[in-house]
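Written out as structure tokens, the structure reads:
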């Protein structure tokens, strides 16, 4: 008997649902998360981020979902308080 895992995931950009069945011993790729501090927000909806070491990551598009989330980030930046964000990437 082969043991299997049922995995369900959602595309973070489109909301599309994906389902898969994998043997227990197989490797499954998972999203990578990294924390940054918000350094700048441009008028055209992009952010500059800085990690704990001081490396800068620029031109990160602000999220459009959920509604008003990008506005919340812009408001936090305007308040000049430190704002920590988590970037999730698929690779």
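Numbering (the numbering used here), first residue to last: 160 to 250.
All residues carry an ideal CB built from backbone N, CA and C; glycine is no exception.
Confirm, please, whether the CB-CB distance from residue j to residue i is below 8 Å.
i: residue 200; j: residue 231; result: no
i: residue 163; j: residue 180; result: yes
i: residue 196; j: residue 209; result: yes
i: residue 205; j: residue 184; result: no
i: residue 247; j: residue 190; result: yes
i: residue 161; j: residue 182; result: yes
Based on DSSP bridge pairs, tell me the residues matched to residue i.
i: residue 242; result: Residue 242 pairs with nothing; no bridge assigned.
i: residue 247; result: 192
Does any residue of chain D have a CB that is nearer than 8 Å to the CB of residue i?
i: residue 176; result: Among the protein chains of the structure shown there is no chain D, as only one such chain exists.
What do you get for residue i, buried or exposed, if any count of 16 or more other CB atoms within 10 angstroms of its CB means buried?
i: residue 237; result: exposed
Give, in chain order, every unbroken run of the beta strand (DSSP E) that is at least 3 residues long and sits entirely within the region 166-192. The region 166-192 contains these whole beta strand (DSSP E) runs: 176-182.
Taking the runs of the beta strand (DSSP E) that are 3 residues or longer, which of them lie wholly in the region 191-236? As far as the region 191-236 is concerned, its whole beta strand (DSSP E) runs of at least 3 residues are 191-200, 205-209 and 215-220.
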